[in-house]
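6 protein chains.
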Amino acid sequence: MKDFFVADAAKFDGETITSFFAISSFSVREKKGGGGQYLALVLSDKTGSLEARMWEEFASAMETCGEGCFVKVQGQISKYQNRFQITLARMRLAADAEVDVSDFVPATKYDVSEMWSELRGYVDGFSNEDLKRLVFAFLDDEQIGGAYREAPAAKMLHHAWLGGLLEHVLFLVRICRAAAPFYPEVDADLLVTGAILHDIGKVKELTWGTSFSYSLEGQLIGHISIAQGMLREKVKTLPDFPEKLRILVEHMILSHHGKYEFGSPKLPMTPEALLLSALDDLEAKMQAMRNEFGRDAAAGKSGAEVTEWVRSMERPLLNTKAYLGPE
Amino acid sequence: MKDFFVADAAKFDGETITSFFAISSFSVREKKGGGGQYLALVLSDKTGSLEARMWEEFASAMETCGEGCFVKVQGQISKYQNRFQITLARMRLAADAEVDVSDFVPATKYDVSEMWSELRGYVDGFSNEDLKRLVFAFLDDEQIGGAYREAPAAKMLHHAWLGGLLEHVLFLVRICRAAAPFYPEVDADLLVTGAILHDIGKVKELTWGTSFSYSLEGQLIGHISIAQGMLREKVKTLPDFPEKLRILVEHMILSHHGKYEFGSPKLPMTPEALLLSALDDLEAKMQAMRNEFGRDAAAGKSGAEVTEWVRSMERPLLNTKAYLGPE
Amino acid sequence: MKDFFVADAAKFDGETITSFFAISSFSVREKKGGGGQYLALVLSDKTGSLEARMWEEFASAMETCGEGCFVKVQGQISKYQNRFQITLARMRLAADAEVDVSDFVPATKYDVSEMWSELRGYVDGFSNEDLKRLVFAFLDDEQIGGAYREAPAAKMLHHAWLGGLLEHVLFLVRICRAAAPFYPEVDADLLVTGAILHDIGKVKELTWGTSFSYSLEGQLIGHISIAQGMLREKVKTLPDFPEKLRILVEHMILSHHGKYEFGSPKLPMTPEALLLSALDDLEAKMQAMRNEFGRDAAAGKSGAEVTEWVRSMERPLLNTKAYLGPE
Amino acid sequence: MKDFFVADAAKFDGETITSFFAISSFSVREKKGGGGQYLALVLSDKTGSLEARMWEEFASAMETCGEGCFVKVQGQISKYQNRFQITLARMRLAADAEVDVSDFVPATKYDVSEMWSELRGYVDGFSNEDLKRLVFAFLDDEQIGGAYREAPAAKMLHHAWLGGLLEHVLFLVRICRAAAPFYPEVDADLLVTGAILHDIGKVKELTWGTSFSYSLEGQLIGHISIAQGMLREKVKTLPDFPEKLRILVEHMILSHHGKYEFGSPKLPMTPEALLLSALDDLEAKMQAMRNEFGRDAAAGKSGAEVTEWVRSMERPLLNTKAYLGPE
Amino acid sequence: MKDFFVADAAKFDGETITSFFAISSFSVREKKGGGGQYLALVLSDKTGSLEARMWEEFASAMETCGEGCFVKVQGQISKYQNRFQITLARMRLAADAEVDVSDFVPATKYDVSEMWSELRGYVDGFSNEDLKRLVFAFLDDEQIGGAYREAPAAKMLHHAWLGGLLEHVLFLVRICRAAAPFYPEVDADLLVTGAILHDIGKVKELTWGTSFSYSLEGQLIGHISIAQGMLREKVKTLPDFPEKLRILVEHMILSHHGKYEFGSPKLPMTPEALLLSALDDLEAKMQAMRNEFGRDAAAGKSGAEVTEWVRSMERPLLNTKAYLGPE
Amino acid sequence: MKDFFVADAAKFDGETITSFFAISSFSVREKKGGGGQYLALVLSDKTGSLEARMWEEFASAMETCGEGCFVKVQGQISKYQNRFQITLARMRLAADAEVDVSDFVPATKYDVSEMWSELRGYVDGFSNEDLKRLVFAFLDDEQIGGAYREAPAAKMLHHAWLGGLLEHVLFLVRICRAAAPFYPEVDADLLVTGAILHDIGKVKELTWGTSFSYSLEGQLIGHISIAQGMLREKVKTLPDFPEKLRILVEHMILSHHGKYEFGSPKLPMTPEALLLSALDDLEAKMQAMRNEFGRDAAAGKSGAEVTEWVRSMERPLLNTKAYLGPE
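Residue numbers (this note's numbering), protein chains in the order written: chain A, 39 to 365; chain B, 39 to 365; chain C, 39 to 365; chain D, 39 to 365; chain E, 39 to 365; chain F, 39 to 365.
This is how it looks when you write it as structure tokens:
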């Protein structure tokens with residue numbers, strides 16, 4: 039069992055710890071000025087990652103361990119150029135029974151079961167029976183539903199953690215439900231159906247084990263078209279599903295990125311598609327802001343100044359509440 | 039008093055009517071094949087416009103009337119190429135006392151006083167006293183407040199009618215208030231302040247009399263920078279107004295178009311600026327959709343097919359509810 | 039039976055003809071200077087269209103005929119402002135038995151059966167049995183195969199005629215087969231499969247009756263995604279069809295427009311997808327050139343000068359061979 | 039007092055010097071191969087910066103000094119990989135009385151008083167009394183005028199030195215005055231007013247102490263809108279200042295970046311705004327060229343070849359005069 | 039000899055005039071409501087163009103005259119829809135001896151000989167003998183020099199009149215000479231050489247007879263590359279012309295449009311190329327402004343309001359001096 | 039004579055070799071932790087490059103050798119961080135007689151003479167005698183023809199090796215000849231002429247000695263305009279060469295990059311120019327794919343996964359044949 043996490047390094051400065059990690063990077067380097075080799079590693083768990091050095095007696099470790107392995111190590115925590123690192127005295131491959139994979143990949147901070155129940159509750163409340171059976175056909179599909187509860191929403195950017203897809207969808211559904219009454223043109227059930235299914239292709243686009251990545255199908259087809267294919271196949275299994283609804287849901291999936299250059303083959307043409315696309319974009323941007331503010335807070339910044347340049351948003355940001363300070 | 043409106047032409051097909059109009063277009067043309075001249079006019083009121091022809095005895099009318107005048111006419115309604123027109127028997131300049139300008143320019147279909155009260159009510163509820171006195175300083179300013187209740191929100195596109203600015207702002211405030219609770223980073227009073235003041239420059243950018251137009255200052259400075267100047271001047275009159283709040287409100291005004299190419303000199307950098315910009319854009323697009331669907335319905339289309347290409351949105355649209363039909 | 043075609047108008051200048059046409063445009067206009075109404079029409083057949091006027095006795099025609107109808111007319115051909123027109127003496131609705139729809143819509147000048155055989159022959163020669171059965175599953179599908187032989191390739195631009203889809207595909211397949219040997223990275227069967235299936239969605243995107251148009255599904259989903267859906271459904275019916283081939287063919291369909299802004303949700307990432315996309319684009323552009331040169335030749339121009347500005351290519355063109363003249 | 043400057047390192051190669059510097063970068067590093075730590079620093083003054091290493095006895099220095107501090111050091115100059123560096127024997131915090139800040143930040147090479155006089159002289163010569171009192175209201179404003187003489191024109195790019203704003207403005211005014219007579223549409227006083235005030239917002243956008251940075255207001259509002267606000271406030275203090283002139287000056291400020299994507303909320307619409315924007319852009323580009331040529335010359339290059347790729351101009355450059363050589 | 043010009047129509051309202059014109063547009067139309075045909079023409083001279091109608095006895099005119107012909111006409115001037123037109127009583131082909139082509143195409147209002155002398159004078163003053171003989175090799179080339187004095191600078195936009203090329207170049211040379219002293223990096227002789235030769239390709243790109251057009255070579259090669267070719271050929275004739283100067287002049291020609299999307303195959307990389315490109319662009323824009331203001335003044339507008347949208351500049355404009363009014 | 043090549047390092051792991059190299063990078067570094075200096079080098083030959091270190095006795099080497107020199111070295115091969123390096127015991131400048139430059143720069147793997155013959159054979163087969171003598175005038179020009187057989191086609195991207203220009207052209211000519219028969223509008227001799235001459239400017243744009251670079255003329259003029267100039271000069275030497283052919287060939291050269299933003303001053307307007315531009319782009323992209331797949335194979339990857347992101351194509355790639363595996 040793992041009882042030291044990277045995020046706690048500050049509490050152990052100067053101490054020797056024993057714990058389990060995943061190896062994110064592994065290389066053998068030559069000591070400068072001669073004098074042999076050493077191991078340079080990056081060790082990770084779900085809370086972050088740590089540079090590690092092993093200067094001596096690493097022959098056996100070198101033979102058995104490598105990138106992606108889980109290892110048990112003993113070493114001393116120290117601070118170097120303002121970052122913690124660990125100098126290893128011992129390292130060996132961990133046995134499967136010793137590690138719980140959930141310790142090593144980031145995960146949503148919300149309860150998956152509760153989120154799942156809340157989401158299903160909204161579908162239960164649909165007055166449109168066709169859309170209700172369509173959405174449940176996905177959620178009740180053992181394979182899809184299971185993956186839906188686990189999948190991250192991205193490899194790196196917003197919601198890049200286990201359960202991130204469900205978390206993103208639930209938050210989006212909530213704002214969709216709040217916004218729909220202001221637009222009489224919008225069919226709320228249809229909108230929520232779009233919100234629940236728009237990113238369903240991510241269960242096949244992404245892979246998640248000890249790290250997050252794109253599947254080959256994800257790279258060649260993309261989650262938009264994967265989702266469209268899944269919709270087509272699912273609809274085939276629903277007797278007498280209205281063709282018009284199939285087209286409208288399919289259109290929401292295809293257009294939800296809102297622009298051609300973001301990989302949507304169609305622009306949003308219906309009220310629901312337009313609203314979904316706008317709110318999905320808003321959710322992603324507000325979440326990106328939240329990440330930046332959280333990162334600054336974690337780094338001990340007060341938030342009273344603007345952040346560094348945020349590449350994904352092409353601007354720096356300002357945390358209003360931190361800037362205004364306590365009232 | 040005006041008792042015939044353009045929108046009612048169908049009810050008077052073939053009949054002779056007497057009413058008042060504004061002249062939108064006025065020209066003298068030569069009859070084809072020789073035989074003298076005739077008057078070709080476009081007559082307007084707040085419900086639309088109508089082609090008019092005067093074939094005889096228009097010498098006196100020609101001398102006294104012209105573009106922008108209000109006139110009293112008598113003529114016969116008929117249909118030509120699927121559109122109604124009117125053949126004039128008589129036309130003379132209207133006396134000021136005979137016309138009520140509000141009959142001739144389009145106006146919001148909502149009650150201005152009720153909208154105004156609702157808006158003020160939201161401000162009354164602010165917990166931030168500084169923002170409350172700032173917003174009321176604008177609303178209670180006789181000149182600004184009066185113009186705010188009258189101004190259209192645009193010359194041609196969305197909300198191009200008297201009261202359109204207030205209507206647009208109120209709808210935006212409502213969705214802002216509904217969305218804010220979903221984003222804990224957002225200061226709701228600040229957001230609503232931004233929503234109420236973001237377009238305040240339009241009271242000087244636009245002119246509205248018998249038609250809508252841009253003022254010279256509107257064209258050279260633009261409503262964004264006009265609003266910023268108004269904010270600066272208003273803040274000067276408020277003792278001890280916090281500089282930080284001034285900067286945050288000014289930033290929302292400057293960034294609310296969301297992109298440089300739409301004339302915003304700054305991109306939204308705070309949670310409130312980002313949310314305001316996104317919801318303002320959403321409101322405008324949903325309103326544009328509503329206009330298109332309304333136009334199709336007015337033209338007697340069922341809505342079961344996609345609309346014509348909509349230039350401002352660079353795509354055709356589909357009215358979901360009309361397409362799905364009555365449930 | 040139709041024995042006068044629009045393209046032959048010059049031979050009948052000043053004569054009275056009797057023939058069948060489709061009505062492309064229909065309106066009632068008032069005679070200038072008063073004196074009642076007349077009918078202004080555009081009459082079409084597969085070879086072009088002709089302005090028509092009916093000055094007298096059109097009451098019964100007006101009641102029974104309209105846009106999209108087939109009519110039998112009698113009238114006199116004349117030339118007005120360098121274009122032929124027809125002054126109608128008589129017009130009545132045509133009976134179904136009197137018209138052969140193929141007289142009224144443009145069609146490929148190649149023999150459909152021969153093209154179909156040539157195309158099937160190439161598939162017969164595939165060494166990859168899986169791709170062979172996939173393609174034949176489409177071609178032998180009665181509904182799809184039938185539509186494939188009829189469909190135009192576009193509403194207006196290149197290959198906008200019956201059989202245009204098949205013609206476009208066949209020409210593309212030929213150049214693909216010629217180019218493949220120069221690129222050892224390319225699997226020729228896979229490339230030809232992509233060429234045959236890339237536009238298959240057009241059989242549902244377009245409608246063709248008396249004119250060409252987009253279906254509602256075509257507008258909301260688009261032929262790229264329709265094709266992808268058709269592929270998914272067809273593959274489901276083929277036992278043990280290799281998943282890898284499905285992904286590769288799907289990728290070619292999704293990426294064949296080559297750029298996001300042209301509606302492709304993926305960029306070409308395989309040698310076959312890249313080659314297909316490049317040659318499809320080349321075919322379309324060379325065909326557009328051919329159309330321009332043909333249009334100029336039809337208008338009696340020598341071709342020794344550059345053409346007018348061609349909007350779809352954003353430049354004028356020069357017909358080299360016409361410019362150089364006979365050798 | 040500081041008697042060694044970074045730019046003179048070559049004269050002291052191998053010698054031991056004692057001098058004052060600002061610390062631009064400060065870090066503690068571990069010696070490779072073990073054996074303890076050392077200090078890695080970058081030391082700067084107004085003429086440039088120098089890598090420094092302190093291998094021994096830096097405990098007390100480490101405790102008291104850090105980034106942004108002024109220090110007194112003793113060390114030996116040497117050359118490493120073609121660049122000079124310094125190996126420190128001693129380092130301590132400098133007392134305030136020991137340092138003159140102007141030794142540590144780059145400054146204009148021109149005399150500020152002379153530039154100021156020349157600029158005022160041009161205003162004195164205005165025939166338009168309103169513009170004259172407007173500009174002097176800024177220049178004579180103690181706070182603004184003082185900052186105007188000190189401020190850099192940018193954080194990093196062109197004119198990033200103390201007095202850079204004044205220097206940039208003066209050079210721009212000169213070329214404006216030279217160009218105006220060629221364009222009879224241009225009001226020269228108005229043009230020069232625009233040149234003097236266009237960047238006035240930089241006195242609040244930038245901060246300058248031991249280094250240059252952006253203020254929070256600078257980042258959220260930007261120098262264009264800050265300048266507009268300053269103009270509005272200043273005009274309020276001038277009795278009967280003509281509204282038309284206020285609009286024209288405001289327009290020049292708002293449009294001087296020339297394009298929306300460069301942060302101008304308006305495009306130049308008057309002859310003066312167009313000319314100002316073009317010449318401002320020209321000045322910036324010619325100054326960027328000058329910097330590149332100067333950098334190459336400082337690096338000992340002959341200038342007979344093109345420079346490296348210049349990122350800000352997206353191209354490499356060629357110094358014509360160096361290329362042609364002495365005549 | 040021509041003694042009535044289109045620009046003087048107002049003075050002849052209602053009168054019958056006899057004069058010569060070029061036919062810009064010629065068509066035979068049918069009278070509405072039957073009753074035969076009439077001629078609809080546009081007649082032009084260097085001061086403008088005029089709609090013309092010939093209702094009777096035009097059989098002989100129709101046989102002999104056509105677009106591009108010079109004709110002698112007699113007719114009555116009248117005003118229709120605020121524009122003058124002429125009703126023709128007689129029209130016949132003009133004999134060559136009767137017309138002076140210079141009456142029919144717009145021409146510079148400056149004296150060509152004086153402009154030519156001024157330009158040559160600047161070259162005479164070059165201190166660089168190589169550049170002097172290069173430029174004179176062009177100006178003294180009988181064919182090139184002659185065309186240079188006649189050519190327009192464009193088909194339609196700025197300086198679209200005979201002598202426009204020379205006029206544009208001379209104005210550009212003047213501002214170049216004024217600006218050069220402010221940039222010590224700039225070789226003034228080289229800059230002026232670039233100004234004189236940059237558009238030399240227009241003498242072959244454009245054709246000018248009774249109207250302005252593009253030559254086939256102009257369309258396929260363009261004036262930039264034509265100029266480059268002319269430079270290469272001319273340099274071949276100059277013994278020992280320095281290769282470095284050839285490259286620098288060639289670079290100015292190739293880069294003077296300043297951007298790839300404006301057809302420049304190279305961006306300006308030398309001080310002279312950058313300055314030339316900036317000032318050439320400025321000249322074109324100021325001239326476009328001047329045209330707009332002139333057009334408004336000609337239409338009797340006061341200039342106190344902004345102009346209509348100017349397509350080539352993507353904005354409306356304001357004539358400052360007219361707006362401010364007489365001082 | 040060179041008998042060890044970088045590509046063979048694996049076979050010599052741990053052994054001492056003696057061989058010749060070009061020095062690509064040369065620097066003196068200080069040993070970490072003090073203790074003097076060492077030499078850090080990169081040694082190259084046509085098969086690749088190798089990091090080298092010289093720790094001792096390099097004083098004489100340091101004085102005589104430098105970047106760009108050919109050296110003879112003795113040293114021991116070892117592996118460090120998965121890459122081979124060499125620790126030098128001895129190094130001295132090589133004598134001219136000892137090195138064969140062709141050992142040090144990458145070169146085409148095809149036989150230059152055979153390629154040259156094949157190319158000339160195609161020209162021999164032209165039926166157009168004018169084009170034949172034009173192309174031979176280039177190929178038979180001793181200086182141009184010689185350079186043509188040697189030149190690389192680029193500094194870094196596709197075909198960046200000696201003979202690369204000829205190889206690229208030959209492959210392009212082959213696909214041009216295969217494609218031409220499918221487009222009856224295309225004059226095959228003209229197309230092939232364009233293919234052979236389109237990049238001829240590269241013989242002056244690039245320099246190739248011990249490494250590849252751009253000449254100053256290449257940077258200021260570019261290979262497109264250089265080629266155009268060469269064409270002009272060559273045509274001058276051919277009596278009675280048809281002007282029309284000169285324009286058509288010149289147009290192909292100027293437009294072959296296909297877009298303004300790629301440096302083409304003209305868009306392809308003729309069938310030959312369009313086809314040439316499309317096939318040239320295709321060749322470059324397919325070659326870029328080939329390079330990526332080759333690089334992955336060289337790195338021991340199976341090719342069953344997508345490649346890394348390929349910057350020049352803005353996407354990752356998939357090697358279909360490797361992905362599908364052996365049949």
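C-beta atoms are modelled at their ideal positions from N, C-alpha and C, and glycine is treated no differently.
- In whole angstroms, what separates the C-alpha of V348 of chain C from that of M324 of chain A? 45 Å
- Output the distance between the C-alpha atoms of Q181 of chain A and M268 of chain A, rounded to the nearest integer angstrom. 12 Å
- Which one or two residues does DSSP pair with L89 of chain D in a beta bridge? Here residue 89 of chain D turns out to be Glu, not Leu, going by the sequence shown. Its beta-bridge partners are D:V80 and D:Q123.
- Query: How would you write the range of the beta strand (DSSP E) that F59 of chain A sits in, first residue to last?
  - Reply: T54 to E68
- Please work out which residues of its chain come closer than 6 Å, Cβ to Cβ, to T245 of chain D, disregarding the five sequence neighbours upstream and downstream, and give them in chain order. S251 and S253
- Task: Take every Cβ of the region 52-71 of chain D, pair it with every Cβ of the region 79-87 of chain D, and state whether three or more of those distances are shorter than 8 Å.
- Result: yes
- Inter-residue CB distance, S302 of chain A and L292 of chain A (contact presumed, cutoff 8 Å): 6 Å
- Task: Out of C:C107, C:D318, C:K40 and C:D227, point me to the one whose CA is closest to F164 of chain C's CA.
- Result: C:D227
- Message: Check whether chain C comes within 8 Å of Y118 of chain B, counting only Cβ atoms and requiring the distance to be less than that.
- Response: yes
- Grab the span of the beta strand (DSSP E) containing Y221 of chain F for me, first residue to last. No beta strand (DSSP E) holds Y221 of chain F; DSSP gives it neither H nor E.
- Indicate whether at least one CB of chain B lies closer than 8 Å to the CB of L88 of chain E. no
- Task: Report yes or no: is there a C-beta of chain C within less than 8 Å of the C-beta of Q123 of chain E?
- Result: no
- chain F beta carbons: is any one of them nearer than 8 Å to that of E136 of chain A? no
- Message: For a contact defined as C-beta to C-beta under 7 Å, what are the partners of H289 of chain A on chain C?
- Response: L258 and I259
- Task: Report all residues from its chain with a CB closer than 6 Å to the CB of Q265 of chain F; omit the five preceding and five following residues, and keep chain order.
- Result: Inspection of the sequence shows that residue 265 of chain F is occupied by Ala rather than by Gln. Closer than 6 Å at Cβ, skipping near neighbours: I238, G239 and I291.
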